[in-house]
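Heads up, the thing below is written out as structure tokens.
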Amino acid sequence: MKETCQSVLCLLLILFLGCNNATENKILTIDKKADTTIKFDKLIHNFGQLNQGETVGCYFDFTNTGEAPLIINNVKPGCGCTTVNYPQKPILPGKKGEIEVRFDTSGFSGNQYKVIRVDANIKQKSKELALTANVIN
């Protein structure tokens, strides 16, 4: 009798754990083909006047305003003077994220306009962000 109870308990435990794993796998499954929408708090950041040789940074905050997880495939700066850091994991609907941008003014002078292209699973496939600055010697 005792062995039968133990066998039943083991079987129930295996079934419970199996169901738990199946649920977790469903939650983590993401349709990479589904389009969503993204809303940035700003599309342009103006650094104002900078001294040549300065490296400055800013953040572009955004929200996934769609129904599917947001997947940022790539963020491409327009030139080597600009570096980026962006989320590598999907952003769930309603959640926020940020893209960090750093601009090195070395070798530049005058008015600058730098474009950063964000490739993601959004209807227009990409979105452009921009940096502006007036670099003085």
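Whatever position you read off the sequence shown (first residue = 1), add 7 for the working numbering. Ideal Cβ placement from N, Cα and C applies to all residues, glycine included. Everything numeric in this text was worked out from a predicted model, so none of it was measured.
Asked: Straight-line Cα distance separating N53 from P76; Found: 30 angstroms
Asked: Proximity winner among F115, P97 and I143, relative to T43 (alpha-carbon distances); Found: P97
Asked: Helix, strand or coil at K49 [DSSP, three-state]; Found: coil
Asked: Buried versus exposed, by CB contacts within 10 Å (16 or more), A41; Found: exposed
Asked: CA-to-CA distance, V142 to F110, given in whole angstroms; Found: 11 angstroms
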